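Asker:
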Amino acid sequence: MRQQERESGIAVLGGGPAGLTAGLILGLRGAEGAVFEAEDSVGGLAKTVEVDGYRFDLGGHRFFTKLQPVADLWEAVLGDQFLVRPRLSRIFFDGRYFAYPLQARDVPSRLGFFESVLCVASYAAASLRRDGTPETFEEWVCSRFGRRLYNAFFRSYTEKIWGVPGSEIRSEWAAQRIKDFSLRRAVTAMVGLGGAGRPTTLIEEFSYPRLGPGQMWDAFSGLAQAHGVPVELGHRCTGLTHRDGRIESVRFEVDGNEFERDVDGVVSTLPLNDLVLGLEPQAPAPVRAAARRLRYRDLCLVALMLDQPDPFPDNWIYLHDPSTRAGRVQNFGAWSEDMVPPGTGCLGVEYFCFEGDDIWEMSDEECVELATAELARIGLIDPSRVTGGAKVRIRKAYPMYDSAYVEAVEEIRTYLAGFSNLQLCGRNGLHRYNNQDHSMWTAALATMNLLDGTEHDVWSVNTEDEYHETGERVAVEFGIAASSEEFLPKVAQLPLARPEQRTPTTLVESA
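Take a look at the structure:
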């Protein structure tokens, strides 16, 4: 039986970085509202999992941004718990390790003279015939770096991520995720067309919470609640009712029971297809069809515990080797030594998959065995040093940029724009592969649109050509000054007596 609650205010759907940012802004502005999270812990894709004293991310989550209000907020919330860490990452390809991003001095010695000459020729040919606008990821990379480098450094990893060829992925993903200027400098240096030194814009360090990203989002949750905005865990949104262009109520399932809450407005970070298909009355048939066309890539994270610290120095390594099913491996002790018990290590082996395929369905023990064997085969670990492991399944980790997504998102976006009290934000809320800072920024803009009646364009975040993680300025300000004083109440006024830092929730048992 459905229970009806007459509470109102703004309902924030989802307790990841975007939803918690929206909740904190509501609290700082003294607005009525609540954050609703389906899981039993906050953080979403950026949560930290703890198993037997080992902490690990669902992937690695660097904290780096050129959005100064976001940087200020991070610093104010965690203070001295926010560490500055050196960055080291490499690519494993063809039995060898390459610096990432590519460095001029590295590629010839690793690929060999003959292959390097072929890469130079391929790059030169691509530069001469470059014309038009590439539509696919493969076309985008080949037109800029040549097919030879595409085959060597992009094809295998891209197909691991998405489970489809690069010719079926839209070019928007390449433009958004590959920082053209940093890679281009490395490639032009390699072919002798530019300076051979290391690009000055490469990020050499980043910030990271001492106990993992979940520490940040636990703190955000505590601050939101301290300012009167509750964060309700275990509340799975099952639908939204609407009338006359307004969302009137939201339905939730809690411990098998369903209740309905009246709302004045909604900030949604739900996957776009779930949001559309949960509307009551139903969205028009073309909009529902568009929602069903949206696809997602899932993720299995396999944590390996070792009886040795720092099995390799990198924060993470990209596994471009086609014979290795894992796509990337994180070394969490290199992110923060407090992520692991003293004298030990923990690796996060990432398997990109679709729900229901063989990787997804493997038992925890089978996945731990697979990850151990793969890392041992390429020389990253001694399998005898593995003392335990755990597997975490993550649904809808990556919104897919396939051939159908642009038209589908536009159909949905146009329809949802007709709801005057609904705002979308976050990675899945916009079906956009955003970083944490971008997700937070979209949440801030969306929340201000509801509170102040502004019309900030959340869809523009992380689409401008001039916005890069290694720029010297914030190129996108979306109509408001990029300063903490004008974006939020002064960060210095946040209460520095922070709520107690909670340890991450244990989600899985060791295998």
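Each residue of the sequence shown is one higher than the last, beginning at 1419 in our numbering. Glycine is no exception: its CB is placed at the ideal position from the N, C-alpha and C atoms. All of these numbers come straight from a predicted model, not from anything done at the bench.
Since I believe D1820 is in contact with E1586 (beta carbons under 8 Å), could you give me their beta-carbon distance rounded to a whole number of angstroms?
Answerer: At roughly 6 Å, the Cβ-Cβ gap stays under 8 Å, so E1586 and D1820 are in contact.
Asker: If contact is defined by three or more beta carbon pairs under 8 Å, each pair taking one atom from either stretch, is the stretch 1764-1782 in contact with the stretch 1474-1482?
Answerer: Touching, yes.
Asker: Below 8 Å on the Cβ atoms is my contact criterion, and I expect A1436 with G1847 to pass it. Report the Cβ-Cβ distance as a whole number of Å.
Answerer: That belief holds up - the Cβ atoms of A1436 and G1847 are roughly 7 Å apart, short of 8 Å.
Asker: Which value, in whole angstroms, describes the spacing of the CA atoms of L1697 and L1658?
Answerer: L1697 and L1658: Cα-Cα distance of roughly 5 Å.
Asker: Whose C-beta lies closer than 7 Å to the C-beta of F1532 among residues of the same chain, with five residues either side of it excluded?
Answerer: Cβ within range, chain order: n/a, list empty.
Asker: Report the rounded CA-to-CA distance for E1825 versus E1493, giving the unit in angstroms.
Answerer: Those two C-alpha atoms are separated by around 39 Å.
Asker: Work out the CA separation of E1623 and L1431 for me, nearest whole Å.
Answerer: Rounded to whole angstroms, L1431 to E1623 spans 33 Å at the Cα level.
Asker: On the premise that A1452 lies in contact with E1650, defined as a C-beta separation below 8 Å, what is that separation, rounded to the nearest angstrom?
Answerer: About 6 Å; that satisfies the 8 Å criterion.
Asker: Are the beta-carbon atoms of L1496 and A1637 separated by less than 8 Å?
Answerer: Taking 8 Å as the Cβ cut-off, L1496 and A1637 qualify as a contacting pair.
Asker: Alpha carbon to alpha carbon, what distance is there between A1721 and T1888?
Answerer: Here T1888 scores only 34 on pLDDT, less than 50, and its place in the model should not be relied on; the value that follows carries that caveat. Going from the Cα of T1888 to the Cα of A1721 covers about 30 Å.
Asker: Rounded to the nearest angstrom, what separates V1374 and G1445 at their Cα positions?
Answerer: Outside the displayed range of the chain (1419 to 1929) lies residue 1374, so it cannot be described from this structure.
Asker: For F1572, which three-state DSSP category applies?
Answerer: In the structure shown, F1572 sits in coil (DSSP, three-state: anything other than H, G, I, E or B).
Asker: Considering only the beta carbon of each residue, do D1716 and G1763 sit closer than 8 Å?
Answerer: Contact: no.
Asker: If you compare alpha carbons, which of A1822, S1878, F1670 is closest to N1852?
Answerer: Of A1822, S1878, F1670, the residue nearest in Cα terms is S1878.
Asker: Could you spell out the range, first to last residue, of the alpha helix (DSSP H) harbouring A1543?
Answerer: Segment 1531-1547, the alpha helix (DSSP H) holding A1543.
Asker: Answer yes if the stretch 1661-1669 comes into contact with the stretch 1677-1688, meaning at least three C-beta pairs across the two stretches below 8 Å, and no otherwise.
Answerer: Segments in contact, yes.
Asker: If you measure between the beta carbons of D1855 and T1483, is that distance less than 8 Å?
Answerer: The answer is yes: Cβ separation under 8 Å.
Asker: Do the CB positions of E1773 and R1813 come within less than 8 Å of each other?
Answerer: Contact: yes.
Asker: I'd like the list of long-range same chain contacts for L1793, defined as Cβ closer than 6 Å, with 5 residues on each side in sequence excluded.
Answerer: Once the five neighbours on either side are set aside, the close Cβ partners of L1793 are I1799.
Asker: State whether the stretch 1860-1868 contacts the stretch 1703-1719, with contact taken as three or more CB pairs (one from each stretch) at a distance under 8 Å.
Answerer: Counting Cβ pairs under 8 Å, fewer than three are found: no touch.
Asker: Look up F1837 in the DSSP assignment and say whether it is helix, strand or coil.
Answerer: Here F1837 sits in coil by DSSP.
Asker: Do R1628 and Q1499 count as a contact pair if the criterion is CB distance below 8 Å?
Answerer: The answer is yes: Cβ separation under 8 Å.
Asker: Where do the ends of the beta strand (DSSP E) carrying I1777 lie?
Answerer: Per DSSP, I1777 belongs to no beta strand (DSSP E); it is in the alpha helix (DSSP H), 1776-1779.
Asker: DSSP puts F1638 in a beta bridge; with which residues?
Answerer: Per DSSP, none; premise fails for F1638.
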